[in-house]
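Going down the list, the protein sequences come from chains A and B. Numbering (this note's numbering) for the first sequence: 1 to 348. Numbering (this note's numbering) for the second sequence: 1 to 348. Contents: one structure, followed by commentary.
Protein chains: 2
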Amino acid sequence: MIPTQSSPAALGRARELVEPALRGAIDRLTPELRPVAAYHLGWVDAEGRPSGGDGGKGVRPALALLSAEAAGAPASLGVPGGVAVELVHDFSLIHDDVIDGDAERRHRPTVWALFGVGRAVIVGDALLALAQQIVLDPGLVGGEVAGASGNGHRAAQVVADATAAMIAGQALDMAFESVPYVDVAGCLAMEAGKTGALLACASSIGAVLAGADDTVVAALHRFGVELGLAFQAVDDVLGIWGDPATTGKPAWSDLRSHKKTLPVAAALAAGGSEAEELASLLSSEPLEEQGVARAAALVESRGGRLAAEEEADRRLASALEALSSVELAERPRAELAEVARFVVERKH
Amino acid sequence: MIPTQSSPAALGRARELVEPALRGAIDRLTPELRPVAAYHLGWVDAEGRPSGGDGGKGVRPALALLSAEAAGAPASLGVPGGVAVELVHDFSLIHDDVIDGDAERRHRPTVWALFGVGRAVIVGDALLALAQQIVLDPGLVGGEVAGASGNGHRAAQVVADATAAMIAGQALDMAFESVPYVDVAGCLAMEAGKTGALLACASSIGAVLAGADDTVVAALHRFGVELGLAFQAVDDVLGIWGDPATTGKPAWSDLRSHKKTLPVAAALAAGGSEAEELASLLSSEPLEEQGVARAAALVESRGGRLAAEEEADRRLASALEALSSVELAERPRAELAEVARFVVERKH
């Protein structure tokens, strides 16, 4: 995506630093894997021709670089972390599309839809292994680690732990599709894993690579978890009421796939006959077009949409509060806050 | 599997040390992931009831422990490495079954066949992330790392590099299914990745965790690659002529799926009209029952079976030679050789 006027400058700066390193990392893949990864990243089209496609906003790399700067280190020290986190993110998108059966992402066929399930599985696997290789040896992408090599080891642990938590969250999300009821706390725990863990990793890995104090790392980690919950609450609203032209998904998409996201959990928790009707609708298989529309109306009338919007605001405030709780370099602190607001306020 | 009289004692000893640690590792998974992993490992049946199933021979954990001992360290030091390597192996089996569409393994339904493709993908992912967590923090399974923590970092790199090489090999194997011709060198390069990389990791990771010299680690690594190639050559023979009652796969299984394994590559390279007929048969889609039988006969008559059997013997000899090339503790050296012979001589 070409940064628009309203994109924080940190996103463009991070793209300039991280994209060459990311391209260098993808070049390490063998010829069977590389073109599929490049297609997913929007660098080439289905025939392998260069394309100026939309490779996403690059929020995670930007957070990684800002977290190095917030800890007083140069942004370049965060680059291997930014590359690793982006690779883990892409691994999860490619596999999630297989799991959810989603045939389109960013208005293009998903990897499995174009290359088959087998290739989507193996390319996702390759990106995860590559992420670990790079964070264990930042020199692979021209990076360095400040101070003792122990920082690189700790960074690799942060990436592995975040990956494990993200996978556990995704598995819980899948399990929620086949249960009739999910409470708000359960839903938030799932989303803290599915979305919060990797954003927390992105927001703290630069500081880890820079050898920052535990208190600084912990505050940046908390910022990332809260930001992840805010981001996911917005995403949950868009997953039901988002404009199909913008989201690239059909209207009420999450309801069609029986996902128990935050608006649904909040509406179910509100109780009453409408909540019962909603629970019954969401247990119907298949859920007809009319039923989907009715379910969306019920989620809204039982306050699910408003609850998710309020949750997003509350989590954004907590994220900003975490940033203020420790000593950080001033300019990157302000830019972390700017990126957080940008992410949460999109189409919202 | 209950060790039979002919199993090397090292396999049984390794199982006693590694299985409790492996169970502890699997216990770290969340309730959505744990039962699926336990099913794959043969610990529970499809309904989650404990079963004394066949979880494989445990060759990789045994190699990991012997490699620690060969470097003069106690076997216990290799346990986290053995657990990590076993988890990476299981991750690859679960995903390979999805990729190849194999519905049976060890005479039971595969994970995707029983729980669906989505769950097989996510559980495989979880095992890979868990492997990295454990090798980065051996304390998670009660393990320790000798000397500087740098050994743990190096061990994590060995695991990540082996995983990446294994995935690249599997991607090449997939690509071979849709090309008419593969030469022997290309086939061996693919098998060095697909099978050799992880056996090399298993055979050297104990020494890495023990902080052994580079020359010792390199020799053990070379032992593992050669053993992997020997093992795979035997597997390739079984993949065509193996007894379905033993392999759990239909006769000529690899030919049905158009795999270009070593016997096929060798037969194609022998040239002549029979090789041309074989190439043409393997390009037919679908390949009828009669064609599969004819292809198997052609591979044998063009010397493919003999070439693979000779390759296995040659690679086993190279593996044993690698063991003799450096100073290693005598008893574990002899046991590494015994495990290698056992693996290559099974049903052969």
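All C-beta atoms in this analysis are idealised placements derived from N, C-alpha and C, irrespective of residue type, glycine included.
- Interface annotation for the segment 21-44 of chain B against chain A: T30, E32 and L33, criterion Cβ-Cβ distance under 7 Å.
- CA-CA distance, A:A165 to B:D27, rounds to 14 Å.
- By the neighbour-count criterion, in which 16 or more other beta carbons inside 10 Å mark a residue as buried, A:G52 falls on the exposed side.
- Residue pairing from DSSP places B:R108 in a beta bridge opposite B:R105.
- The beta carbon of A:L287 lies closer than 8 Å to those of L255, R256, H258, L281 and A295 in the same chain, with the five residues before and after it left out.
- Per DSSP, A:V344 is one residue of the alpha helix (DSSP H) stretching across E330 to E345.
- Against chain B, the CB of A:T110 has no partner CB under 7 Å away; the residue lies outside that interface.
- The beta carbon of A:D125 sits closer than 7 Å to some beta carbon of chain B.
- Closest in alpha carbon position to B:L114, among B:G271, B:Y39 and B:E309, is B:Y39.
- Taking CB atoms only, A:A265 has no neighbour in chain B less than 7 Å away.
- Inter-segment contact for the segment 113-127 of chain A and the segment 171-179 of chain A is absent: fewer than three beta-carbon pairs are separated by less than 8 Å.
- At least one C-beta of chain A is nearer than 7 Å to the C-beta of B:T163.
- Below the 9 Å Cβ cutoff, chain A contributes L136, S149, G150, G152, H153 and A156 as neighbours of B:H153, in chain order.
- Contiguous alpha helix (DSSP H) elements confined to the segment 208-262 of chain A occur at 214-241, 244-247 and 253-256, taking only those with 4 or more residues.
- The alpha-carbon separation between B:V135 and B:E285 amounts to approximately 44 Å.
- For a Cβ distance threshold of 9 Å, nothing in chain A lies close to B:I240: the least Cβ distance comes to about 22 Å.
- The beta carbons of B:A37 and B:V123 sit closer together than 7 Å.
- Between B:L172 and chain A, the shortest Cβ-Cβ separation is below 7 Å.
- Nearest neighbour of B:A200 by Cα position, chosen from B:E311, B:L66, B:I240 and B:S7, turns out to be B:L66.
- Residue pairing from DSSP places A:P50 in a beta bridge opposite A:V44.
- For A:A129, the chain B residues whose C-beta falls within less than 7 Å of its own C-beta are A160, T163, A164 and I167, listed in chain order.
- Across the set B:E277, B:G211, B:R314 and B:A308, the C-alpha of B:G211 shows the shortest separation from the C-alpha of B:E144.
- Taking 7 Å as the cut-off, the Cβ atoms of B:A64 and B:V85 count as close.
- Excluding sequence positions up to five before and after A:A219, its CB lies within less than 6 Å of the CB of A322, S325 and V326, all in the same chain and listed in chain order.
- Put simply, the CB of B:G118 is near chain A, with a gap under 7 Å to one of its CB atoms.
- Look at the segment 81-115 of chain A: the residues with a C-beta under 7 Å from a C-beta of chain B are H95, V98 and I99.
- The Cβ-Cβ distance between B:F223 and B:A319 falls below 7 Å.
- When Cβ-Cβ separations below 7 Å define contact, B:V121 makes contact with chain A.
- Near chain B, meaning a CB-to-CB distance below 8 Å, no residue of the segment 222-247 of chain A qualifies.
- Under the 8 Å Cβ criterion, the segment 178-193 of chain A does not count as touching the segment 89-109 of chain A, having fewer than three qualifying pairs.
- Under a 10 Å Cβ-count criterion, A:P80 is classified as buried, with 16 or more other Cβ atoms of the shown protein chains found around its own Cβ.
- Around the beta carbon of A:E226, 16 or more other beta carbons sit within 10 angstroms, so the residue counts as buried.
- Taking each of A:E32, A:P250, A:D90 and A:A251 in turn and checking the Cα distance to A:L22, the smallest one comes out for A:D90.
- Interface criterion not met: the Cβ of B:A200 is under 7 Å from no Cβ in chain A.
- B:A218 is outside the set of residues whose beta carbon lies under 7 Å from a beta carbon in chain A.
- Residues of chain A whose Cβ lies closer than 9 Å to the Cβ of B:A175 are, in chain order, P31 and E32.
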